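No gaps in the numbering here: position 68 of the sequence shown is 101 in this note's numbering, and each next residue is one more. Accompanying notes for the structure given below.
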Amino acid sequence: MILDHIFDENQPIYLQIVQRIHARILRGEYQPGQKLPSVIEAAMIYKVNHNTIARVYSELVRSGIAEVKRGEGTFVTTDREILRNMKKTSSETVVEGFLQDMRLMGYSLEEVYDLLNRYADAYSDKKTDEEKINKNDVSE
34 MILDHIFDEN QPIYLQIVQR IHARILRGEY QPGQKLPSVI EAAMIYKVNH
84 NTIARVYSEL VRSGIAEVKR GEGTFVTTDR EILRNMKKTS SETVVEGFLQ
134 DMRLMGYSLE EVYDLLNRYA DAYSDKKTDE EKINKNDVSE
């Protein structure tokens, strides 16, 4: 990704990279069982020291998200339960943070529901339009 090397100075870089790799796994950019870039390749991608990436991979292995195959590299786990839990935990963290931010901005829960419903409807309409366009492209 173009901005892989831009980091928030208020959080350790290695944790930000762990989060980015989690996001790539959740989006399907890294599939279960897929080999992750080597430590050197990842250091070049994220423009960090290789020791930082070694720490990232150690954290991924410690959390069960990745597995090391001796002599082959580091791979995304094939354990679907771990991946489901990661997705659940990630979504809960996002929702919790969102609700806390909205509360800090003075929104009531009812106002948050209204906003979410409005945006969900707009998103659903947009997605439906995109699906129609894609169907037309395929059928022509």
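For glycine and all other residues, C-beta sits at the position ideal for the given N, C-alpha and C. Since this is a predicted model, take the numbers as computed values, not measurements.
query, result
"Between Y146, V81 and A99, which has its C-alpha nearest I46's C-alpha?", "V81"
"From G61 to Q52, what does the alpha carbon distance come to, in whole angstroms?", "14 Å"
"Since I86 contacts I58 with CB under 8 Å, what's their CB separation in whole angstroms?", "So it is not a contact: roughly 16 Å between Cβ atoms."
"Residue range of the beta strand (DSSP E) that F108 falls in?", "G106 to V109"
"Have a look at N150 and V72 and give me their C-alpha separation to the nearest angstrom.", "43 Å"
"Between the C-alpha atoms of D170 and Y156, what's the straight-line distance to the nearest angstrom?", "Reliability fails at D170, whose pLDDT of 48 lies under 50, so the model's placement of it is uncertain and the value that follows must be treated cautiously. C-alpha separation (whole angstroms): 21 Å."
"Taking the alpha-carbon of K102 as reference, which of Y79, S96, K68 and G130 has the nearest alpha-carbon?", "K68"
"Measuring only the C-alpha atoms, how far is I115 from L148?", "32 Å"
"Would you list the one or two residues that DSSP bridges to E100?", "F108"
"What are the boundary residues of the alpha helix (DSSP H) that H83 is part of?", "H83 to R95"
"By the three-class DSSP mapping on this structure, what secondary structure does K68 have?", "strand"
"In three-state terms, what does DSSP make of K120?", "helix"
"Span of the alpha helix (DSSP H) holding Y47?", "I46 to R60"
"Near L93, what residues of its chain come up, given a Cβ to Cβ distance below 6 Å and the 5 sequence neighbours on each side ignored?", "A99"
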